[in-house]
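Working notes, structure below.
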Amino acid sequence: MRMQSLATLEATNRGSHLRPDFQREHSNGADTSTEESQLLSSTSGRGAGDTSGLKRYLVVFIHRHMEFRLPELEAVAVLVLGCGNLVVEPRRSTDRPWSPFWYVWLPSDDAARAIAARTLLVRIILEVWAEGADWPELEAGLERARGEKRRWLEDGRSMRIVVESLLRSMPLAEQVEWIERLGFMGFQGPFSLSSPEVTYRLIVTERAQADNVPEVAEPRVYFGRQVAASNRRVISNYALAQRAYIGPTSMNTEVAFIMCNLAQVRRSSLVYDPFVGTGSLLLAAASMGAVTLGADIDVRVVRDGKRGDEGQVLDNWSNFRMYDLPTPAGLLRADAHRPPFRDDLCEVVDAVVTDPPYGVRAGGRKGRSRPQADVVDRATHIAALEPYSFGECARDLLDTSARLLRTGGHLAFFMPAATGVYDERDVPAHPVLAVVANCEQVLSSRYSRRLITLQKVRAYDAAEAAAFHKSQGPPSSGCDGIHLHVFAQADGAPIPKPKYRSKQF
């Protein structure tokens with residue numbers, strides 16, 4: 223289910239490639255089918271710009287993962303509120319592309335709190351009483367709002383006023399000066415800094431004082447009642463450094479939870495990770511109440527784990543027990559190129575969330591067919607492997623996901639990107655999967671990765687999928703050689719000898 227966003231075009235132009243309208247043609251040029259049209263009509267919600275019955279709020283985002291912020295907000299709104307309960311206002315032409323301020327329309331304060339409780343990138347949500355380019359304009363707006371907001375001013379609730387600046391740490395004396403300016407509002411409640419019933423915020427955005435600091439928002443002053451604040455304690459509660467079992471490719475905690483939000487993981491969802499590794503993504507999904515299932519081609523990861531300092535076995539199960547989370551329904555030693563599921567097993571998974579290998583930290587591997595192999599001891603036997611390009615891996619991932627996902631379910635995965643290497647046409651496609659979001663995370667000056675989120679829009683058809691893959695030719699991607707770009711010498715000269723990291727090829 224999707225909501226209508228007035229910011230779709232602007233968000234696409236600024237690089238997030240947000241595509242909430244599934245009525246666009248897929249990249250393969252196929253028209254929308256009847257079944258897909260029924261799904262779209264059932265999830266279209268209110269008309270674009272229809273704010274009847276909704277209240278206006280200001281969302282203040284955390285200033286990180288900028289391309290992820292709006293897609294996560296929209297996905298979580300659908301997840302916790304249902305379709306049509308969020309309308310995002312279009313940005314003004316004077317707004318900076320990465321401004322943390324977005325106006326949205328929501329049904330109620332409770333709806334705002336439900337969204338903030340689940341998102342990682344929403345910092346606070348305000349009911350704005352007034353805003354202005356400077357203090358006189360803000361003061362005039364507050365004078366007009368006093369009558370309407372009288373019940374908040376005079377009901378005697380304990381309160382506090384928080385004053386902050388977007389680009390700098392504001393001295394205490396300056397904060398007090400701003401608070402004293404607000405005296406004309408006539409607040410009647412007692413002040414409580416530790417446990418107030420109501421929190422008011424005055425946010426000041428100013429021009430950058432240093433030449434090397436970009437302006438992220440136009441100079442402006444906002445004042446309003448804080449309706450909700452996000453709870454980012456999950457990042458520290460599930461920090462990688464605290465876990466018993468991690469590896470070099472373990473997913474960052476914050477990003478793992480964002481991926482699950484974009485995939486709309488909820489309580490009782492069945493979530494599958496075909497490249498499970500040390501289980502970071504499944505751990506995040508399990509914390510949201512999901513039933514989890516993982517697979518990996520490396521039997522040592524899913525079965526053996528490693529030894530701790532005291533000789534104890536540390537493995538994926540150790541992490542789940544550590545946090546008292548439901549352990550996975552299963553961890554399989556499986557080859558993503560030859561998935562272990564029956565061909566007729568369809569529509570059983572709610573979300574596929576994964577980070578496939580793409581040759582930088584770890585190269586992809588698939589099983590090598592050796593029908594005459596002499597297996598002396600199956601318990602200790604490790605099957606022969608061969609290189610697995612990202613293009614081939616992505617095709618297999620999308621086809622397996624298209625089969626296993628229920629209609630309306632989501633696939634979220636990362637693909638590598640770099641200037642001169644990434645092309646939007648390299649984003650993997652499938653006839654029954656529509657791109658919902660394409661968000662870049664910069665990792666270094668050499669390369670980045672993009673979180674691709676797709677939604678299954680109609681039932682899987684094996685013949686249709688086979689015809690589509692045949693029309694695309696042999697699986698390949700412009701990202702297959704990303705490791706050559708990442709490890710190239712600074713002067714552009716060729717690498718003097720092969721560079722290996724883990725199973726790099």
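Going by the working numbering, the first residue of the sequence shown is number 223, and it counts up by one from there.
Ideal Cβ placement from N, Cα and C applies to all residues, glycine included.
Under 7 Å between C-beta atoms of residue i and residue j
i    : j    : result
A297 : L484 : yes
T514 : V493 : yes
E353 : Y444 : yes
F635 : I480 : no
V438 : W320 : yes
A299 : A450 : no
A605 : P650 : no
I401 : I383 : yes
D618 : H691 : no
S452 : T549 : no
A508 : L462 : no
Residues that residue i bridges to, as DSSP identifies them
i    : result
Y494 : L515 and V574
N660 : I674
S472 : Paired residue(s): none; S472 is not in a bridge.
L627 : V571
I425 : E386 and Y444
R560 : D557
Y460 : Its beta-bridge partners do not exist; DSSP assigns none.
P609 : R587
H632 : A573 and Q677
K277 : L328
P638 : R671
F323 : V282
A687 : According to DSSP, which records beta bridges pairwise, A687 is partnered with nothing at all.
A450 : I347
H652 : L655
V420 : M381
From the options, residue whose alpha carbon lies closest to that of residue i
i    : options                   : result
L735 : R390, G354 and D683       : The chain is shown only over 223 to 727; residue 735 falls outside these bounds and no answer can be derived.
L375 : G405, V575 and G501       : G405
T576 : S414, A362 and L505       : L505
S491 : G631, A689, I674 and R671 : G631
P578 : I480, K528, V664 and I674 : I674
W324 : G511, R345, D332 and A339 : R345
P322 : L388, G516, F612 and V598 : L388
D495 : D557, E359 and P609       : D557
M288 : N660, K371 and P696       : N660
G330 : T341, D317, R340 and I347 : According to the sequence provided, residue 330 is Ser. The question's Gly does not apply to it. The residue with the shortest Cα to Cα distance from S330 is I347.
A367 : E294, M407 and A687       : M407
Y644 : R442, V385, Y580 and E365 : Y580
G516 : Q534, D332 and A551       : A551
G613 : R625, D599 and R647       : R647
S667 : A687, G378, P562 and T641 : T641
A685 : R625, R314, Y610 and P696 : R625
D377 : E399, F409, L364 and I457 : F409
R587 : P609, V598 and V597       : P609
R465 : P393, G533, G695 and R543 : R543
E476 : I457, C482 and R590       : I457
L607 : G304, R590 and P696       : R590
Other residues of its chain near residue i: CB distance less than 7 Å, five sequence neighbours each side excluded
i    : result
L328 : L276, K277, Y279, N307, L308 and A334
E257 : Any reading at E257 is ruled out, since the residue's pLDDT is 43, under 50, leaving its predicted position unreliable.
K371 : W351
L360 : A352, E353, G354, V443 and F445
R671 : F636, M637, P638, A639, Q663 and L665
V281 : L295, W324, V326, V344 and I347
R522 : none
H285 : P322 and V438
G469 : G499 and T500
Contacting residues, own chain, Cβ-Cβ under 6 Å from residue i (five flanking each side not counted)
i    : result
L204 : One cannot answer for residue 204 here, as it falls past the ends of the chain, which runs 223 to 727.
V524 : D518, L553 and R555
M381 : G411, P418 and V420
A478 : S502, L503 and A506
A512 : V487, S491 and V493
Chain-order list of residues whose beta-carbon lies under 8 Å from that of residue i (same chain, five-residue window excluded)
i    : result
Y467 : T500, G501, G527, K528, L536, D537, N538, S540 and N541
R628 : E569, V570, V571, D572 and K678
Q260 : Any reading at Q260 needs caution, since the residue's pLDDT is 40, under 50, leaving its predicted position unreliable; the model's value is listed next. Excluding residues within five positions, none has a Cβ falling inside 8 Å.
D317 : F323, A439 and E440
F620 : Reading off the sequence shown, one finds Leu at residue 620, where the question assumed Phe. L633, P650, A651, H652, L655 and L676, listed in sequence order.
S414 : S380, M381 and R382
R429 : E437 and P441
Closer than 6 Å: residue i CB and nearest the ligand ADP heavy atom
i    : result
L424 : The ligand ADP is not part of this structure, which contains no ligands at all.
Where in the stretch 336-396 do unbroken runs of the alpha helix (DSSP H), each at least 4 residues long, occur, reported from the N-terminal end onward?
-> 357-367 and 372-376
At which residue ranges does the stretch 523-554 contain complete alpha helix (DSSP H) runs of 4 or more residues, listed in the order of the chain?
-> 538-544
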